[in-house]
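Undergrad:
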Amino acid sequence: NYLLGVGRADCTGPVAEIPLMGYANPDQVGGGLLMRLYSRAFIMADLDDSRRVVFVSADIGMVSQRLRLEVLKKLKNKYGELYRQDNVILSGTHTHSGPGGYFQYTLFWITSKGLIRPSLNAIVNGIVKSIDIAHQNMKRGRLFINKGIVENSQINRSPFSYLENPASERSRYSSNTDKEMVMLKMVDGNGQELGLISWFAVHPVSMNNTNHLVNSDNMGYASYLFEQEKNKGMLPGEGSFVAAFASSNLGDVSPNTKGPFCVNTGDSCDNPQSTCPVGGATMCMAMGPGSDMFDSTRIIGRNIYLKARELYERASQEVTGPLSSAHQWVNMSDVLVELNATHMVKTCKPALGYSFAAGTIDGVGAFNFTQGSVEGDPFWDEIRDQLLGEPSNETKACHKPKPILFSTGEMTRPHPWHPDIVDVQIAAIGSLAIIAVPGEFTTMSGRRLREAVKREFDSHGTPRMDVVIAGLCNVYTHYITTYEEYQVQRYEAASTIYGPHTLSAYIQLYRGLARAIATNTVQDLPRGPEPPVFNIGNLTLVPALTADRVPTNKTFGDVLQEVRQQYRAREVAEVTFVGANPRSSAENATEHNFLTVERYSSTSDSWHVVQNDASWDTRFYWTKGLFGRSNVTIEWHIPPGTEPGVYRIRYFGHYKKKLASNRSLSIPFEGTSSAFEITTP
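Residue numbers (my numbering): 1231 to 1911.
#1: Starting from the C-beta of His1838, find all residues in its chain whose C-beta is less than 7 Å away, skip the five residues before and the five after it, and write them out in chain order.
#2: Cα-Cα, which of His1867, Phe1882, Gly1619 is closest to Ala1816?
#3: Skipping 5 residues on each side, what residues in its chain have a beta carbon closer than 7 Å to that of Pro1631?
#4: I'd like the list of long-range same chain contacts for Glu1760, defined as Cβ closer than 8 Å, with 5 residues on each side in sequence excluded.
#5: Verify whether the separation of the beta carbon atoms of Thr1673 and Asp1482 is less than 8 Å.
#6: Using three-state DSSP, classify Lys1377 as helix, strand or coil.
#7: How many Å lie between Gly1450 and Val1805 at the Cα?
#8: Considering only the beta carbon of each residue, do Ile1659 and Met1274 sit closer than 8 Å?
#9: What are the start and end residues of the beta strand (DSSP E) that includes Leu1350?
#10: Give the secondary structure of Arg1829 by DSSP, where H, G and I count as helix, E and B as strand, and everything else as coil.
#11: Only counting the same chain, and skipping five residues up and downstream in sequence, which positions put a Cβ closer than 6 Å to that of Asp1276?
#12: Which residue spans inside the region 1867-1906 form an unbroken beta strand (DSSP E) run of at least 3?
#13: Using a 10 Å radius around the Cβ and a threshold of 16 neighbouring Cβ atoms, would you call Arg1296 buried or exposed?
#14: What whole-angstrom Cβ distance do Val1698 and Pro1668 have, given they're in contact under 8 Å?
#15: Taking the beta strand (DSSP E) that Leu1320 falls in, what are its first and last residues?
#16: Count the other CB atoms within 10 Å of the CB of Gly1229; is the residue buried (16 or more) or exposed (fewer)?
#17: Evaluate contact between the region 1262-1269 and the region 1299-1310, counting only Cβ atoms and requiring at least three cross-stretch pairs below 8 Å.
#18: Around the Cβ of Leu1320, are there at least 16 other Cβ atoms within 10 angstroms (buried) or fewer (exposed)?
#19: Can you list, in chain order, the residues of its chain with a C-beta nearer than 7 Å to that of Gly1344? Leave out the 5 residues immediately preceding and following it.
#20: Does the region 1740-1750 come close enough to the region 1608-1624 that 3 or more CB-CB pairs lie under 8 Å?
#21: Give the range of the beta strand (DSSP E) segment to which Ala1474 is assigned.
#22: Report all residues from its chain with a CB closer than 6 Å to the CB of Gly1595; omit the five preceding and five following residues, and keep chain order.
#23: Applying the 10 Å Cβ sphere with the 16-neighbour rule, what's the burial state of Asp1279?
#24: For a quick check, are the C-beta atoms of Ala1545 and Met1413 less than 8 Å apart?
#25: Closest by CA to Phe1456, which one among Gly1425, Ser1446, Arg1745?
#26: Nearest by alpha-carbon distance to Gly1619: which of Thr1600, Val1318, Met1641 is it?
#27: For the 8 Å Cβ check, are there 3 or more pairs between the region 1246-1261 and the region 1431-1442?
#28: Within 10 angstroms of the Cβ of Asp1564, are there 16 or more other Cβ atoms? Answer buried if so, exposed if not.
#29: Please name the residue, chosen from Glu1865, Asp1240, Gly1551, Lys1460, that lies closest to Tyr1535 on a Cα-to-Cα basis.
#30: Once the 5 residues before and after Leu1305 are set aside, which same chain residues still bring their CB inside 6 Å of it?
#31: Could you give the C-beta distance for Lys1576 and His1731, rounded to a whole number, given that I count them as a contact under 8 Å?
#32: Taking Cβ positions, are Tyr1232 and Leu1373 nearer each other than 8 Å?
#33: Is DSSP giving Gly1562 helix, strand or coil here?
#34: Return helix, strand or coil for Pro1812, following the three-state DSSP convention.
#35: Among Ala1571, Pro1633, Pro1608, which has the Cα closest to the Cα of Gln1601?
#36: How would you call Pro1507, buried or exposed, if buried means at least 16 neighbouring beta carbons within 10 angstroms?
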């Protein structure tokens, strides 16, 4: 028995003009909204409330160090020593369709076009609010765990790297991805359902790098389906049941199950370099199971949801036992690793290899770099040396066989490009150990880590622990491959920033945490060096918010393109309005809803909201025009089973108006489509 609390809060942030975080594609900026992003918080406490553990899964690309430090600071101001760096785990789902701009290290600061305060604040506030809600709703309850295999939802996107692992090790596993889902179910003392956390290893990249609508991808869609089912009669984002679909060791795992094909010729490009005969690596893209990226997101998300639902309904193994948590800050660029009694190695200052620039079959790079590069290129080396400085011989030697493209650990202007100080953390909830990892472990790296931690618990008198990896926690350090995978330098290996022994170092560190938990000596663990907080200016490449304007003889919210009078299910109702920059709304109100679909009730002679902007079936597009003008187009993809009747679509925005003395004002407005009828098919 435990005290349990769950909470969910919006963390969407600005849905326009902000770079989306994940593919590092500078053209991929927000231009609207498909689904809202949420932070989902779960608090577990002993019955005597002596110890607490908080697990948060947020619909964002990854948790950044800056984000974590700001959340912890707010929690400290609010709750004193109750929620701390050791007992709060913050994990990102790794959607690639959420706003960026919440990073302090220069590499991510550049790819997100600056530190974008409205974006960072939305995530910080959303996470804290979700924890507040969970904190206020603590009640006695029980936890159940279940595990099962998810089919047809992932492929290994670097199978040639995986094959470098020893045959004896590979022969112990039936697949080159981890197909197991681990699900934690929460009910209160009266058996009332509270929520669940599911961990499953797959990249949320069903939406590709041509997408401009903010959304939570396949994992978010699974959450959406589960919450819609349990919060009956509620709009998306409302209701007390919280379903988190959290990330795990997804480093080399893609949801694009048709595999890699040359976009131009249709040939397979499943080769060690992921390159095409015509057009090279930039033409090699993996496709999902659906007819387009929306359809693929729906199919993969539904698969994951259906397995979670089955595991949830059948969960009978209760989780009992004490709570504990262990955390350290570690300088990952300088860890001495004991491989065996005679052999010591060390980690390196961070650096990215050539294949980092190649990207992956889920999102290719810009300059036709290829994966699997173990040689540099004098042309790019010379440009790099001139612009950014040449890597030191020490760093080059340490990272071998990686040819270094960016020696980020030696680049400190205007601030360090990559973190040195990294969080390692484990939380144990009875027989369940959650390993919070700061990045993307590959399939085999994750297996080695789980096994090492399990063995450590076993040998210190805590047998039969269930060990799960929570991905993209606390600080982002790219990828962690095995030593063997590192040798062939595909994208994941080139992005293993602390060198060939990164995984061995983490295994040593996490074993230390597990040992401390098992032997009840957590208080003796050294805290480690505190991470820095950089004073980063407000310089961003995001366009300034100017005054919104309207075409002649029009006003905000006027309809430019009307709906049809009649639709059937499976058709798309579409309306275009005179719009305003959605950033004016986001900076005004966190909970702003841009649209509703409403149904007319003749009995009460009133309109009732049936969908909002968090709904999977609605799409909100913002198109920027010239001189401060813009249009908003709202689509409603009418789902099968929609009740016949009379409907309308409404749009809610804010326009920015300049006042004297350089001040400005955001003024709310709305627009409404004509009524239209949905007829029976």
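Virtual Cβ for every residue (Gly too), placed ideally from N, Cα, C.
TA: According to the structure shown:
#1: Taking the first residue of the sequence shown as position 1, residue 1838 is located at position 608. Its chain contains Glu1828, Arg1829, Ser1831 as the residues whose beta carbon lies nearer than 7 Å to that of His1838, once the 5 sequence neighbours on both sides are disregarded; these appear in chain order.
#2: Numbered from its first residue, the sequence shown carries residue 1816 at position 586. Of the listed residues, the one whose Cα sits closest to Ala1816 is Phe1882.
#3: Position 401 of the sequence shown holds residue 1631. Val1604, Gln1717, Gln1719.
#4: By one-based count along the sequence shown, residue 1760 stands at place 530. The residues Trp1559, Ile1651, in chain order, have a CB closer than 8 Å to that of Glu1760 in the same chain once the five nearest residues on each side in sequence are set aside.
#5: Residue numbering aside, residue 1673 sits at position 443 when the sequence shown is read from its first letter. Residue numbering aside, residue 1482 sits at position 252 when the sequence shown is read from its first letter. Result yes, Cβ atoms of Thr1673 and Asp1482 sit closer than 8 Å.
#6: Numbered from its first residue, the sequence shown carries residue 1377 at position 147. Collapsing the DSSP output to three states places Lys1377 in a strand.
#7: Sequence index remark: in the sequence shown, residue 1450 carries index 220 (1-based). Sequence index remark: in the sequence shown, residue 1805 carries index 575 (1-based). When rounded, the distance between both Cα atoms is 26 Å.
#8: Taking the sequence shown and counting its residues from 1, one reaches residue 1659 at position 429. Taking the sequence shown and counting its residues from 1, one reaches residue 1274 at position 44. Taking the C-beta atoms as reference points, Met1274 is found nearer than 8 Å to Ile1659.
#9: For this step, residue 1350 is matched to residue 120 along the sequence shown. Counting along the chain, no beta strand (DSSP E) covers Leu1350; the unbroken alpha helix (DSSP H) around it starts and ends at 1347-1366.
#10: Here residue 1829 corresponds to residue number 599 of the sequence shown, with the count starting at 1. Judged by DSSP in its simplified three-state form, Arg1829 adopts strand.
#11: Along the sequence shown, one-based indexing puts residue 1276 at 46. Cβ neighbours of Asp1276 beyond the five flanking positions: Leu1553.
#12: 1875-1888, 1894-1902, all fully within the region 1867-1906.
#13: Reading the sequence shown from its first residue, position 66 is the one you call residue 1296. Buried.
#14: Numbered from its first residue, the sequence shown carries residue 1698 at position 468. Numbered from its first residue, the sequence shown carries residue 1668 at position 438. That belief does not hold up - the Cβ atoms of Val1698 and Pro1668 are roughly 16 Å apart, past 8 Å.
#15: Counting from 1 along the sequence shown, the entry for residue 1320 is found at position 90. Per DSSP, Leu1320 belongs to the beta strand (DSSP E) from 1318-1322.
#16: Nothing can be reported for residue 1229, as the shown portion of the chain is limited to 1231 through 1911.
#17: With a cut-off of 8 Å, the region 1299-1310 and the region 1262-1269 do not count as touching, because too few Cβ pairs lie within range.
#18: Numbered from 1 along the sequence shown, position 90 holds the residue referred to as residue 1320. Answer is buried; the Cβ neighbour count reaches 16.
#19: Position 114 of the sequence shown, counted from the start, is the residue given in the question as residue 1344. Around Gly1344: Gly1331, Leu1769, Thr1770, Leu1771, Val1772.
#20: No, the region 1608-1624 does not touch the region 1740-1750.
#21: Taking the first residue of the sequence shown as position 1, residue 1474 is located at position 244. Looking at the DSSP string, the run of the beta strand (DSSP E) that includes Ala1474 is 1472-1476.
#22: Sequence index remark: in the sequence shown, residue 1595 carries index 365 (1-based). Once the five neighbours on either side are set aside, the close Cβ partners of Gly1595 are Ala1587, Ala1588, Gly1589.
#23: Locating residue 1279 in the sequence shown gives position 49, where the first residue counts as 1. Counting other Cβ atoms within 10 Å of its Cβ, Asp1279 stays below 16 and is therefore classed as exposed.
#24: As a first step, residue 1545 must be located in the sequence shown, where it is residue number 315. As a first step, residue 1413 must be located in the sequence shown, where it is residue number 183. The answer is yes: Cβ separation under 8 Å.
#25: On the sequence shown, residue 1456 is found 226 positions in, with the first residue counted as 1. The shortest C-alpha separation from Phe1456 is found at Gly1425.
#26: On the sequence shown, residue 1619 is found 389 positions in, with the first residue counted as 1. When the alpha-carbon of Gly1619 is set against those of Thr1600, Val1318, Met1641, the nearest one is in Met1641.
#27: A contact exists between the region 1246-1261 and the region 1431-1442.
#28: Here residue 1564 refers to the residue found at position 334 of the sequence shown. Asp1564 is exposed by the Cβ-count criterion.
#29: On the sequence shown, residue 1535 is found 305 positions in, with the first residue counted as 1. The shortest CA-to-CA distance from Tyr1535 to any of Glu1865, Asp1240, Gly1551, Lys1460 is the one to Lys1460.
#30: Numbered from 1 along the sequence shown, position 75 holds the residue referred to as residue 1305. Tyr1313, listed in sequence order.
#31: Locating residue 1576 in the sequence shown gives position 346, where the first residue counts as 1. Locating residue 1731 in the sequence shown gives position 501, where the first residue counts as 1. 7 Å between Cβ atoms; contact.
#32: Numbered from its first residue, the sequence shown carries residue 1232 at position 2. Numbered from its first residue, the sequence shown carries residue 1373 at position 143. In this structure, Tyr1232 sits near Leu1373, with a CB-CB distance shorter than 8 Å.
#33: If you number the sequence shown from 1, residue 1562 lands on position 332. Per the sequence shown, the amino acid found at residue 1562 is Met instead of Gly. Residue state, collapsed to three classes: coil.
#34: Start at 1 with the first residue of the sequence shown, and residue 1812 comes out as number 582. Pro1812: coil per DSSP, three-state reduction.
#35: Residue 1601 sits at position 371 when you count from the first residue of the sequence shown. Of the candidates Ala1571, Pro1633, Pro1608, the one whose C-alpha sits nearest the C-alpha of Gln1601 is Pro1633.
#36: Locating residue 1507 in the sequence shown gives position 277, where the first residue counts as 1. The residue in question, Pro1507, is exposed, as its Cβ has fewer than 16 Cβ neighbours within 10 Å.
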